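Comments concern the structure below.
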Amino acid sequence: DTEVTQTPKHLVMGMTNKKSLKCEQHMGHRAMYWYKQKAKKPPELMFVYSYEKLSINESVPSRFSPECPNSSLLNLHLHALQPEDSALYLCASSQSGGDTQYFGPGTRLTVL
Amino acid sequence: GQSLEQPSEVTAVEGAIVQINCTYQTSGFYGLSWYQQHDGGAPTFLSYNALDGLEETGRFSSFLSRSDSYGYLLLQELQMKDSASYFCAVRGRSSGSARQLTFGSGTQLTVLP
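Taken in order, these protein sequences are the chains called A and B.
Using the working numbering, read the first sequence as starting at 13 and increasing by one per residue.
Using the working numbering, read the second sequence as starting at 24 and increasing by one per residue.
Structure representation (structure tokens):
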């Protein structure tokens, strides 16, 4: 199974809402990532989990809160987002330190 | 840190061959990767060059020259479904976030009938 799944596919939320994005992989990968991607731009790294521990936080605002409940799951909790946070949020996984990353289909987030 | 430059757009016709270049500045990296992303889709890994030279995977080939700080993706026998964005990426040898994948700005390939 070389698939990374993400839910939901689409999410519309108001600036006062709290929501969560979910990501799951069953490839035994020990590194998992959250990226943010704006239209016509490359993915921007947000967070990296390595062996279920947060290893990289790319100065992401605290309204984004990642969580790694176990080696297969990754969540991104959202609270009090701004309209400029509207983007495609991608989850990816890889072997620890691997150059080959497997991306999920993404969650298209719209903040009103 | 790393910076990677790609042409923003490339257009070619079905059946043709197209080369997408990637020039980079980096303090050291493990290898050069290529990803394909269709509109509304997720990036998909295409190819990886750890060493200088050519790697071939079906219709796609990728090349790396560390001495020239340059790589390219070669797509042969272009098909309409190859219309997508293509990103080169490197993973740095430094610690922290520089050890993660850094993507180039991306090249939008349009294949015309």
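Backbone N, C-alpha and C define an ideal beta-carbon position, used for all residues, glycine too.
Only a predicted model underlies this, so the values are computations on that prediction, with no experimental measurement involved.
Problem set entry | Interface partners of Ala65/B on chain A, CB under 7 Å | As a first step, residue 65/B is located in the second sequence; it is residue number 42 there, counting from the start. Neighbourhood of Ala65/B in chain A, by CB distance below 7 Å: Leu102, Phe115, Gly116, Pro117 and Gly118, in chain order.
Exercise. Under 7 Å Cβ-Cβ, which residues of chain C neighbour Val72/A?
Worked result: Among the chains of the structure shown, chain C does not appear; the protein chains present are A and B.
For this session: Taking Val60/A as the query, report the chain B residues whose CB atoms sit under 7 Å from its CB, ordered along the chain.
Result: As a working note, residue 60/A is residue 48 in the first sequence. Here the neighbours are Gln123.
For this session: Since I believe Leu97/B is in contact with Ser84/B (beta carbons under 8 Å), could you give me their beta-carbon distance rounded to a whole number of angstroms?
Result: Within the second sequence, numbered from 1, the residue matching residue 84/B stands at position 61. Within the second sequence, numbered from 1, the residue matching residue 97/B stands at position 74. About 4 Å separates the two Cβ atoms, so the contact holds.
Exercise. Since Arg114/B meets chain A, which of its residues come closer than 7 Å, beta carbon to beta carbon?
Worked result: As a first step, residue 114/B is located in the second sequence; it is residue number 91 there, counting from the start. Under the 7 Å cutoff, chain A gives Asp111.
For this session: Quick one: grab the DSSP three-state call for Pro81/A.
Result: Mapped onto the first sequence, residue 81/A falls at position 69. Strand.
Exercise. For the ligand SAH, is there a heavy atom less than 6 Å away from the beta-carbon of Glu15/A?
Worked result: For the structure depicted, the ligand SAH is absent and the ligand set is empty, with no information on it obtainable.
Problem set entry | Reference Phe126/B; option with closest CA among Ile43/B, Val36/B and Leu55/B | Stepping through the second sequence from its first residue, residue 126/B is reached at position 103. The shortest Cα separation from Phe126/B among Ile43/B, Val36/B and Leu55/B belongs to Leu55/B.
Exercise. So is Tyr109/B in contact with chain A if we call contact Cβ pairs under 7 Å?
Worked result: Numbered from 1 along the second sequence, position 86 holds the residue referred to as residue 109/B. No, because no Cβ of chain A sits closer than 7 Å to the Cβ of Tyr109/B.
For this session: Please confirm if the stretch 64-75 of chain B is in contact with the stretch 97-115 of chain A, defined as three or more CB-CB distances below 8 Å between the two stretches.
Result: Between the stretch 64-75 of chain B and the stretch 97-115 of chain A, the count of Cβ pairs shorter than 8 Å is three or higher; the stretches touch.
Exercise. Closest by CA to Pro20/A, which one among Gln94/A, Leu124/A and Leu88/A?
Worked result: Against the first sequence, residue 20/A aligns to sequence position 8. Among Gln94/A, Leu124/A and Leu88/A, the Cα nearest to that of Pro20/A is on Leu88/A.
Exercise. Whose C-beta lies closer than 6 Å to the C-beta of Tyr63/A among residues of the same chain, with five residues either side of it excluded?
Worked result: Locating residue 63/A in the first sequence gives position 51, counting from the first residue. Here the set comprises Arg42.
Exercise. Pick from Thr122/A, Thr17/A and Thr28/A: whose alpha carbon is nearest that of Ser98/A?
Worked result: Counting from one through the first sequence, the residue named residue 98/A turns up at place 86. Nearest C-alpha to Ser98/A: Thr122/A.
Exercise. Under 7 Å Cβ-Cβ, which residues of chain A neighbour Ser128/B?
Worked result: For the purposes of this step, residue 128/B is taken as residue 105 along the second sequence, with counting starting at 1. Correct list: Pro54.
Exercise. Is Met44/A helix, strand or coil when you go by DSSP?
Worked result: Position 32 of the first sequence, counted from the first residue, corresponds to residue 44/A. If DSSP states are grouped into helix, strand and coil, Met44/A belongs with the strands.
For this session: Grab me the residues of Met58/A's own chain with a C-beta within less than 7 Å of its C-beta, minus the 5 sequence neighbours each way, in chain order.
Result: The residue given as residue 58/A occupies position 46 in the first sequence. Result list for Met58/A: Trp46, Tyr47, Lys48, Glu70, Val72 and Phe76, in chain order.
For this session: Check Met27/A in the structure and name its three-state DSSP category.
Result: If you number the first sequence from 1, residue 27/A lands on position 15. Coil, per DSSP.
Problem set entry | Proximal chain B residues relative to Leu124/A, where beta-carbon distance stays under 7 Å | Counted from its first residue, the first sequence places residue 124/A at position 112. Contact of Leu124/A with chain B by beta-carbon distance below 7 Å is absent, the smallest such distance being about 20 Å.
Problem set entry | Residues bridged to Val134/B [DSSP beta-bridge criterion] | Within the second sequence, residue 134/B is the residue found at index 111, counting from 1. Partner(s): Ala35/B.
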